[in-house]
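Enquirer:
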Amino acid sequence: MKGKIGTAVEPALERRIRDSFGRQGLMQHLGAAIDEVRLGLVTIRMPFRPELSQQHGYFHAGGTSAIADSAGGYAAYTMFPEDSSVLTVEFKINLLNPARGDALEAVGKVVKSGRTLTICQLEVFADAAEGRSLVAIGQATLICMAGRPDTPESAR
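Here the sequence shown stands for residues 10 to 165, numbered as in our numbering.
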């Protein structure tokens with residue numbers, strides 16, 4: 010898919026992204042939801058619950074990392090052909106500040122989209138009454154599984 014990063018996507022592509030996300034059991038378990046889908050850019054929000062915290066009461070790094078990974082994966086997926094699917098090959102995350110607040114928002118943004126591999130920048134923000142803070146940054150490498158549509162049957 011060609012176009013400028015951040016531009017609107019066709020309704021069918023947004024539906025395909027949201028349907029795929031809806032099949033992710035972990036995202037459902039975390040209470041995460043896609044907030045925005047644009048070409049090469051996806052945001053995911055996860056509201057705070059005590060079950061998502063670590064011993065100091067902050068969001069656990071596992072949840073923070075999981076939504077960052079999915080945001081990057083779906084950002085890349087917006088650039089892929091319709092008959093493909095996406096898998097993470099590698100990702101790295103740096104935790105910058107305690108993840109405390111009412112919700113986290115992960116932003117995945119395509120930096121370079123290739124035929125096989127796509128690189129995404131990851132950012133995670135904490136939203137609190139005191140304001141918004143950057144709590145994590147990272148990078149992900151995603152692979153385009155060409156000819157393997159993103160359907161529940163293709164995973165078996």
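C-beta atoms are modelled at their ideal positions from N, C-alpha and C, and glycine is treated no differently. Computed from a predicted model, the values in this text were never measured in an experiment.
Output needed for lysine 121: all residues of its chain with C-beta closer than 6 Å, excluding positions within five of it in sequence on either side, in chain order.
Expert: So the list reads Ile128, once near-sequence residues are dropped.
Enquirer: For glutamine 63, which three-state DSSP category applies?
Expert: Glutamine 63 falls in the coil class under three-state DSSP.
Enquirer: With distances taken between CB atoms, is the gap from glycine 12 to lysine 118 smaller than 8 Å?
Expert: No, they are not a contact pair.
Enquirer: Using DSSP with H/G/I as helix, E/B as strand and the rest coil, what is glutamate 198?
Expert: The shown model of the chain, from 10 to 165, leaves out residue 198, and the question about it has no answer.
Enquirer: Alpha carbon to alpha carbon, how far is leucine 35 from isoleucine 14?
Expert: Those two C-alpha atoms are separated by around 27 Å.
Enquirer: Looking only at its chain, what residues have a beta carbon closer than 6 Å to the beta carbon of alanine 41, apart from the 5 residues adjacent to it on each side?
Expert: These residues qualify, in order along the chain: Ile53, Met55, Ile76.
Enquirer: Taking leucine 143 as the reference, which of Thr73, Asp28, Leu61 has the closest Cα?
Expert: Selected option, being the one with the closest Cα: Thr73.
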